[in-house]
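Numbering (this note's numbering), first residue to last: 830 to 960.
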């Protein structure tokens, strides 16, 4: 079931956050140090181990793939929000440095999107089949 994939992700996230907090305490930092990265590594290793053991059914794997593909953009958005708050608290120079980086990189998006050629067509597109 797909819900097992979600449960696997949630378990890895809880373990990663706990280990990140523990690592922060060991380093003397009052912050979570790498908890999200640890969680993602745990998810990769756990899903690979379950797959090799034959215990990860295709439907469960779909749940893991779905949430792991959503997981990274959500974490990036959360980190970006924290960076904006830190920049505003850090003063005008920090905020201007971030804004300048965005303004300079924005024109590069179309150029970077052209690298690698046209995207591959989606499966079933243009064949007249209903998917």
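Just so you know, even glycine gets a beta-carbon here, dropped at the ideal spot from N, CA and C.
{"Item": "Report the residue ranges of all alpha helix (DSSP H) runs contained in full by the segment 836-913; include only those spanning at least 4 residues, in chain order.", "Value": "864-881"}
{"Item": "Going by DSSP, what residue range makes up the alpha helix (DSSP H) through residue 922?", "Value": "921-934"}
{"Item": "Touch check for the segment 886-905 and the segment 844-852: three-plus C-beta pairs under 8 angstroms?", "Value": "no"}
{"Item": "Tell me which residues share the same chain as residue 885 and place their Cβ nearer than 7 angstroms to its Cβ, disregarding the 5 neighbours each side in the sequence.", "Value": "876 and 879"}
{"Item": "Looking at the structure shown, is residue 945 part of a helix, part of a strand, or coil, going by DSSP?", "Value": "coil"}
{"Item": "Give the secondary structure of residue 951 by DSSP, where H, G and I count as helix, E and B as strand, and everything else as coil.", "Value": "coil"}
{"Item": "Would you call residue 873 buried or exposed, if buried means 16 or more other Cβ atoms sit within 10 Å of its Cβ?", "Value": "exposed"}
{"Item": "Please tell me whether residue 865 and residue 853 are closer than 7 angstroms, where the distance is taken between their beta carbons.", "Value": "no"}
{"Item": "Ordered along the chain, which non-local residues of its own chain (more than five positions away) have a Cβ less than 8 angstroms from that of residue 930?", "Value": "none"}
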